[in-house]
Structures are given as C-alpha cells and as structure tokens.
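Residue numbers (the UniProt record's numbering): 1 to 323.
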C-alpha cells in the first residue's frame, strides 16, 4: 500500500486530514480530494471512508498493527542515544554491505575471516594497539614511516604500493584512499563489474592482501625482509592453486554423480547354496483386517505360509503372527 500521489508541486504542508472531511456528511469531500490527489487515488480514497463514528486514538508507527511494544520502544531509545553520542554513525554510509560481500569472495575461508577482521579493525596493528593503551612503537616496521594502520599496511606502505603496481590490477583513478580502508575495499569488491579488467587478473586481490599481511608478520617475528616480486609471486601461486583445486573438485563431483546415475543394478537371484525368504503383509485399518505370508526357497524346496487375522490392530501384530 502506497501513499496517494499528489498532483500539484505546491501544496499546504500543514494540511490535516480533517480539512478533507465534509463536516455535515462526515465523509471525504470529493472536491477537496480532487484539488490535491490524482483521479485514480481519489476513487480509491472514496471507497475507504474515514472511521468518524469512533473517537480518535493513538497509533504506534513502529509496528504494523499500530500497537505499542516494549521491543520497538527500546530500539527507538537506543537509536536516539546512539544518534546523540555517535552522530557519525548516522551521517556516514553503512559498511554492513561491504562486510556481507566479503563472505561471498571467491577465496580460502581463512582469508575471508582475515578480510572481515580488516574491515572491523580486528588486526593487531600498532595504531589499534596504542588506542587500547598498549605502549608500542606506532611507526610502520616495514617502511619506518607513518603510523602503522590496517589501511597503511595493505595499501599505502611503499611495499604495498609496489605490489599493487605489478599485480596487473588497475588502481583507482586517484589512487587508493590514504585513510579509508572502506573506500579501498569497496573498489576491490567491485572489480568484477569493470569491463576493462581481465577476469583472471582481479581474482587474486584477496591473496595479495593476505600476502602483504604475512610478509609484515614475517618481518616482525622472523626478520625476513619482504621483496615485492616475491610477495606477488606467492599470491599468484596460492590463488592459482586454489582455483585449480575448485575445478578438479567440481569435475570429481560431476563424475561421481554420473557414476551414481549409471549404477542401476537389476535384481539377481541368490547363489545356489543360499536360502531366500520373501515376506509380505497388509493391514486394512477401516475393516480391521490383516493378512500376510512368507515363502522360503532353497534350490527346489519350497515352504510357504499364509496368515489371516481380524484381531490385529497394528502392523507389528501381523509381523508377529507371521513368525
């Protein structure tokens, strides 16, 4: 259900519903409606007359029924409190869509977790550790330059710039954003929609970020100096291996399904030294009548039995009667 369409660009914004109701008939005033709404909506409004026989009542707009609920009131109070204490949370666009897209990226599950942590500030970089009261050197250990932040390690560090330069992935028009990791992730997540990008080139970007993070950790904990070409080579190898594994896995699954469909075995008689027993029974609940029988065959010897019972009230009873 939509609101009625207003046909005029200029109208009284302080107009209330009582101004459109005839005081004598207590129904909608067709003339007043035609001045404001389009003819089709006027016809619909005239079919739904106001409930003037009852007194006016309050309606809670946060529920469909119009009835007040504690849950919606709590959500409203929490939203107002957040709006006052953290106005930037409402002024800036939501990053939840970015977090949802991260889980749909074609990559290893552990890299998906890494990307999600990067967006949520869950990586142990100097900037975040210092913000939590831990005394550390806030400078980047790779380049020795500015503050070590997540965005700096993955996009702004000279090592990261060189790796992105040789990756074959086109940089944004004005380069990666210097402070906002959300802008940079938004660009990487939209690479698949760009026509000028070769499909096989942009799929490696999750492994590039992962390799940059690993190279930073190897420098800190093992003292290995990262080389841009090696970082990019490792990212390409890991990405190629993973995508090849997906192709092989899909091929194996398709072959397995074909084999399962082909395996339609026909009935075969048992070996000559085996005995075979066939059992069958049926129970009519409405007539309270049951019957069954069994046949044992071994070579040329044949034994059989037939049972008919009217006092059996369940399938289990006829089974017991057969034996």
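Even for Gly, the Cβ is constructed at its ideal location relative to N, Cα and C.
When DSSP states are grouped into helix, strand and coil, residue 40 belongs to the helix group. DSSP, reduced to helix, strand and coil, places residue 281 within a strand of the structure shown. Counting only the Cα atoms, residue 28 lies some 7 Å from residue 46. Note that the segment 181–196 does not touch the segment 224–240; fewer than 3 beta-carbon pairs, one per stretch, sit closer than 8 Å.
DSSP places residue 64 in the coil class of the three-state scheme, outside both helix and strand. Nearest to residue 201 by C-alpha distance, out of 248, 17, 165, is 165. Under the DSSP definition of a beta bridge, residue 147 partners with 139. Around the beta carbon of residue 134, fewer than 16 other beta carbons lie within 10 angstroms, which makes this residue exposed. In its chain, beyond the 5 residues on either side, 125, 127 have a beta carbon closer than 7 Å to the beta carbon of residue 149. Between residue 151 and residue 181, the C-beta spacing is below 8 Å.
Counting along the chain, the unbroken alpha helix (DSSP H) around residue 80 starts and ends at 70–85.
The bridge partners DSSP lists for residue 207 come to none. A check of alpha carbon separations from residue 222 across 176, 177, 141 identifies 141 as the nearest. Residues 112, 116 of the same chain have their beta carbon placed closer than 8 Å to that of residue 103, with the five preceding and five following residues left out of the count. Contact check for residue 279 against residue 294 passes: the beta carbons are separated by less than 8 Å.
Residue 75 holds the alpha-carbon nearest to the alpha-carbon of residue 62 among 75, 52, 50. Pairing residue 178 with residue 156 gives a Cβ-Cβ distance under 8 Å. Spanning the alpha carbons of residue 132 and residue 122 requires a straight line of approximately 12 Å. Between residue 191 and residue 208, the C-beta spacing is not below 8 Å. Just so you know, the alpha carbons of residue 242 and residue 189 end up roughly 19 Å apart.
Each of 34, 211, 78, 37 was checked against the Cα of residue 114, and the nearest Cα belongs to 211.
Under the 8 Å Cβ criterion, the segment 53–71 does not count as touching the segment 31–44, having fewer than three qualifying pairs.
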